[in-house]
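What follows is one structure encoded as structure tokens, with my remarks underneath.
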Amino acid sequence: MEYFEGAEDAYSIEIKDLDPGWHLISIKYSDLQTLYNGEPVAADGNDVMEPHLIHTLEFSS
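Printed below as a string of structure tokens:
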């Protein structure tokens with residue numbers, strides 16, 4: 022399955038200021054937002070959360 026930027030929804034969350042080391046983080050799917058440069062924006066797709074269509078998760082620090 023391929024993601025088409027500008028045509029599909031992408032949801033994000035920023036978690037900042039964590040201490041070094043391992044953390045267990047739990048996030049409700051409904052708390053995710055569409056973000057651009059950390060600011061909320063309108064979704065590119067149908068703006069409907071469809072968990073059965075999730076195909077990529079990315080984590081960075």
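According to our numbering, the sequence shown is numbered sequentially starting from 22.
Note that beta-carbon positions come from the ideal geometry of N, C-alpha and C, so glycine has one too.
Treat the numbers as computed from the prediction; the structure is a model and nothing was measured.
I'd like to know whether the C-beta atoms of residue i and residue j end up nearer to each other than 8 Å.
i   : j   : result
D30 : D65 : yes
Residues bridged to residue i by DSSP?
i   : result
L56 : P61
S47 : None, per the DSSP bridge assignment.
Measuring CA to CA, which of the options is closest to residue i?
i   : options            : result
E71 : K37, L53, N58      : L53
K49 : I34, V62, N58, G59 : I34
K37 : G59, D68, V69, I75 : G59
G27 : A63, W43, I75      : A63
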